[in-house]
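Below is one structure, written out as structure tokens; comments come after it.
Numbering (this note's numbering), first residue to last: 0 to 1253.
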């Protein structure tokens, strides 16, 4: 059967995160103007073509694991009605090769799998389209910005337009007042607000239209929810004249505006007065009149009124320097608040206008401050901020203004990609270079240069400094993870080096000869004993065994090393590595304290304290150093810092990556061994510290006191800051942090060097005395920081484990805070983070090339490149990987060429321009295709690049096709009941699935369902596909069930049940799951002893789902899922915070009566419990139910604990999307199952009917 073009288009599956195509019966206005008419909208066709490309790239990555695929033979489907398909005049879906697309778009040709993966990610994580107003700087931020003369004209024009008696420009434009009743109504209705502000303006992206309402609404919905409270009554104390008075100009209302600055700017710029001012400036400057020109000039006027030098100096707004060292360590919000105050004090901005004006200026100067959902822990001047800033700059080059519409995580997703064109690579290099120098200035390593041009030496210095901290932390893992060398192992390795592996060096076969007067002939030793002691010499030893000859040994003994010297060298290297690694960790911890604490530590005086247990075995004057060293808690230490008479204590726990700030302690601690009178022995005293945190590395518990001894250790010197040290307070690179960390590591965290050395030296059989009272190697190793971290690294590389801990584990406990808060990084993988650091600081030669290649900084540009050519308008990923299809070079007088910006002496700027039909060229906006600005001077048309179709439209967080399951179900029902004979013939494999058009043997369940949903197939063909689908489901279920059954039987349990996926495949069409309903139904069934009946009912329903009782069962279960299928409705009681899975068995083990717990991961519901006989006749029984597999029962608590470990962590539990992370392990939310509570949500009798025989 042949397919029409429309049917072919419909064949492609659409899965999350790409929406399904929208099918319409009437062509759109745009469709009717084309040569061909299609049933699929251009937007849907673009999305499907994009998805086809991504799927093809994903498959190509897998196929290139060993050798690169042939890109000329690797093809994807281009939909006829997509932008590219329409440009190529396709009348049906056409398959194009990756090689063709890559060549056509000027992308860097991939040569290995990682290049293909990067291309995939660059498309998948591409920034969203630029907002219609870009970054609110109007013509100041265009590819061809206003010239210095035009900027002066704008300032002069504004001065002549405003009525000074009314105030400044903002006041003359009406300000951000909310007195107008219509505005109040708009605030109550954010959808109406966005439509009012944006009108009917649209922007052509990737070849089809976005309404600005949609763009605006998606950008500002978060702010709207906050401003919606603006008009509520502001309640103040009754003594206030404003008590209970609802006024739209209240302080609360104005604060609402400060958190919705985009709303405020939109409202202001849409006013008739703003447009009138723009029209006036349009005439005075000779700017081409367009739909947006007046609005853009009003924006530019607003910026230049606030700061006439706007953009001339990098990271500076009206004299406010963002990258000053004093800002290091502060959050973005704190710095923005300081900017608010600066504008109030220096520009006369009203305090109620300040945040909107800060937003306006930062939109261009430093848009990274405006990215949504910035973590509280992201601090200015940190390494992560540098990577983040460089990525925002890349995004702004591609789609100006879009970064402010993105979340932090979206930005960091894009940070993991490499540029895919040479032009993007060049621009990314500029972005990286600028962010690197910003980091160096903020960290006090380089003096700020107002023109942003730095020397080669300054660039190299910045790069070395930037790499220092991550490099130190990268090295800390291997350094701390080294195996402690022992003299025995050194000697054994040396013997193996000389004599090979086939000799038993530990066999006791040697006896001293008569010439050896040093050792008695009554004792016998091994070859290892003798060499370990350095006594293996010719003629000094004889063998007592007939099958072990000394002659071969003595013949080669001259090749042996000096074991003592070899051991000493290895041990010294090992000990220094411990000091270096620990120093790096402590420095990193200290450098991430809040600014006020770093300032106090930098400029104050410090005393260190350690905690230990009293030595009570003898008189105090007989206590040895070894005794006190062995009694110390080495997992933490205390710093007392005093600055300007303020005393603050810091509990530092390097192994946990935590610092606890204590302000509740006395100015002086009670130190000393608490000698008891008369008996002259040490004793412990109650002290406000948690001993377990210091001795075993447990998390410090608030309010816990312990019996212990506090000892004081003073630094041997008073640190003086050298004049060359210009770093910020307690910077990782600063001398003070190094000195504090070095003292802590050498004097406490690392055990005494000689104690460790003697322990590692060990005793050979020849050595009859112990040089050190050892507690054993394991005890000594447990004292070394991070040894436990390495020891407990499960199922992973130890060095990656410790690196992850070092980077992701840093925490600061603030006084009064409920718990530790992470302050290091949001990224979960240390490898990922270090890779970003490496990418951000590599290619020194490339960065230096920017200095010496006549790439002079453009004074206007700030975050957008201060070097090189302007943003590439012709090869731009977010803008359709190039100029969109509406802008065909050569059409309507459009051409690609170059021009020099005012004052530019380096390379000319490349751009698109349009001839006005007379004697002038105007720059063309690459998004809308419309000309803008003033006539270009000196524009030189060149041979135009190819026009490239724009179908890579980012649709972030788009839901999966909501209609696909319904279409699938309808088509199956039609086939199964409309033509049952043909359907069953197909189901019984009368025809093979491979004969069905569009089918591939590699299709999974979802793709088969999508093929059925989106195709016009015969009933027999659908039956064949359904059999294949059911077989795939059964195969998967059987494997999963076998794995579950095996792991439960291994620990002594038994299983029964029906996996929900198989049940759902037989009783309906939606496989998304009914775990919440099944868990609650099973909870009630177990409570009433009917669990087997519930399982049997599921099997009966599967056998004949159309039967009346079966259909009722299926319906009841489905309805229950609707009622309890959300996290908030699944749990009968408040679930609280996620807890480790071990908490479940601990809680059940403590239960003295039957108890059932509901368990949830991020997207799955389960059940666990214990049955207790009130009469105590029968033993406790334990159970766990996972709807994906079935019910498991256990005879003992021990077997239950092992079963939960397999089911929730290591076995089938590995696939659960649990809460928690590597450091915490898997966590789950739990609540007590309450039949009464579930009955309040759903008819309890209908739930009970599920476990009544059907």
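Glycine included, each C-beta is placed from N, C-alpha and C at the ideal position.
Treat the numbers as computed from the prediction; the structure is a model and nothing was measured.
Q: Please look up how many angstroms separate the CB atoms of residue 1211 and residue 1043, rounded, as I've assumed it's under 8 angstroms.
A: Between residue 1043 and residue 1211 the Cβ distance is about 5 angstroms, and since that is below 8 angstroms, they are a contact.
Q | Beta-carbon spacing of residue 52, residue 153 below 8 angstroms | A | For the 8 angstroms CB-CB criterion, residue 52 and residue 153 do not form a contact.
Q) What three-state label does DSSP hand residue 1159 in the structure shown? A) It is a strand residue.
Q. For residue 20, does the three-state DSSP call read helix, strand or coil?
A. The predicted model places residue 20 with a pLDDT of 28, which falls under 50 and marks its position as unreliable; any figure quoted below should be read in that light. Of the three classes helix, strand and coil, the one that applies to residue 20 here is coil, per DSSP.
Q. Where in the region 373-433 do unbroken runs of the alpha helix (DSSP H), each at least 4 residues long, occur, reported from the N-terminal end onward?
A. With a minimum length of 4 residues, the continuous alpha helix (DSSP H) runs that stay inside the region 373-433 are 382-397, 407-414.
Q | Pairwise C-alpha distance: residue 466 and residue 262 | A | Computed Cα separation, rounded: 41 angstroms.
**Q.** Contact under 8 angstroms by Cβ, residue 1249 with residue 1115
**A.** Yes, these two residues count as a Cβ contact at 8 angstroms.
**Q.** Candidates 403, 558, 118, 667, of which the one nearest residue 391 by Cα
**A.** The shortest C-alpha separation from residue 391 is found at 403.
Q: Would you list the residues sitting across from residue 661 in a DSSP beta bridge?
A: Paired residue(s): 648.
Q: Look at residue 259 and residue 267 and say whether their C-beta atoms are less than 8 angstroms apart.
A: In this structure, residue 267 does not lie closer than 8 angstroms to residue 259 by Cβ.
Q | Which of helix, strand or coil DSSP assigns to residue 161 | A | Assigned with DSSP and collapsed to three states, residue 161 falls in coil, not helix or strand.
Q | residue 255 in three-state terms, based on DSSP | A | For residue 255, the pLDDT reaches just 42, beneath the cut-off of 50, and the residue's location in the model is therefore unreliable, although a value from the coordinates is still provided. Residue 255 falls in the helix class under three-state DSSP.
Q. Looking at C-beta atoms only, is the number of pairs between the region 573-585 and the region 743-750 that lie closer than 8 angstroms three or more?
A. Taking 8 angstroms as the limit for Cβ pairs, the verdict is that the region 743-750 does touch the region 573-585.
Q. Is the Cβ-Cβ distance between residue 681 and residue 608 less than 8 angstroms?
A. No, the Cβ-Cβ distance between residue 681 and residue 608 is not below 8 angstroms.
Q) Using the C-alpha atoms, what's the distance from residue 314 back to residue 442? A) Looking at the two C-alpha atoms, the distance is approximately 15 angstroms.
Q: Quick one: grab the DSSP three-state call for residue 1165.
A: Residue 1165 falls in the strand class under three-state DSSP.
Q. Relative to the alpha-carbon of residue 599, which residue among 647, 337, 360 has its alpha-carbon at the smallest distance?
A. The option with the nearest alpha carbon to residue 599 is 647.
Q. Of all the options 1174, 166, 405, which has the alpha carbon lying nearest to the alpha carbon of residue 127?
A. Residue 405 holds the alpha-carbon nearest to the alpha-carbon of residue 127 among 1174, 166, 405.
Q) What is the rounded straight-line gap between the Cα of residue 169 and the Cα of residue 734? A) Taking the straight line from one Cα to the other gives about 48 angstroms.
Q) If you draw a straight line from the alpha carbon of residue 634 to that of residue 73, how long is it in whole angstroms? A) Looking at the backbone, the Cα of residue 634 and that of residue 73 are separated by about 57 angstroms.
Q | Buried or exposed by the 16-neighbour rule on C-beta atoms within 10 Å, applied to residue 932 | A | Residue 932 is buried by the Cβ-count criterion.
Q. Is residue 1061 helix, strand or coil when you go by DSSP?
A. Correct three-state label for residue 1061: helix.
**Q.** Beta-carbon contacts of residue 1065 that lie in its chain and below 7 angstroms, excluding the five residues immediately before and after
**A.** So the list reads 1101, 1104, once near-sequence residues are dropped.
Q) Since residue 931 sits in a beta bridge, which residues does DSSP pair it with? A) In the DSSP assignment, residue 931 forms a beta bridge with 922.
Q | Local conformation of residue 1120 per DSSP, three classes | A | In this structure, residue 1120 counts as helix in the three-state DSSP scheme.
Q) Going straight from the alpha carbon of residue 309 to that of residue 296, what length do you get? A) Their Cα atoms are separated by approximately 15 angstroms.
Q: Check whether the Cβ atoms of residue 431 and residue 389 lie closer than 8 angstroms to each other.
A: With contacts defined as CB atoms closer than 8 angstroms, residue 431 and residue 389 qualify as a contacting pair.
**Q.** Touch test, the region 668-688 against the region 723-741, Cβ-Cβ under 8 angstroms, three pairs minimum
**A.** The region 668-688 is not in contact with the region 723-741.
Q | Proximal residues to residue 33 (C-beta, below 8 angstroms), its chain only, five neighbours per side dropped | A | Low confidence applies to residue 33: its pLDDT is 35, below 50, so where it sits in the model is not reliable enough to give any reading.
Q: Run the CB neighbour count on residue 586, radius 10 Å, all protein chains shown included, and call it buried at 16 or more, exposed below.
A: By the 10 Å Cβ count, residue 586 comes out buried.
Q. In or out: residue 362 buried (at least 16 other Cβ within 10 Å) or exposed?
A. Residue 362 is classed as buried because its beta carbon has at least 16 other beta carbons within 10 Å across all chains shown.
Q) Excluding sequence positions up to five away, which residues of its chain have a Cβ less than 7 angstroms from the Cβ of residue 1201? A) Hits under 7 angstroms: 1050.
**Q.** Proximity below 8 angstroms, CB of residue 316 to CB of residue 326
**A.** Contact flag unset, no.
Q.
Give me the DSSP bridge partner(s) of residue 1228.
A. Bridge pairing for residue 1228: 1159 [DSSP].
Q: Tell me, please, which residues DSSP counts as bridged to residue 1218.
A: Residue 1218 pairs with 1226.
Q) By DSSP, does residue 1239 sit in helix, in strand, or in coil? A) Residue state, collapsed to three classes: helix.
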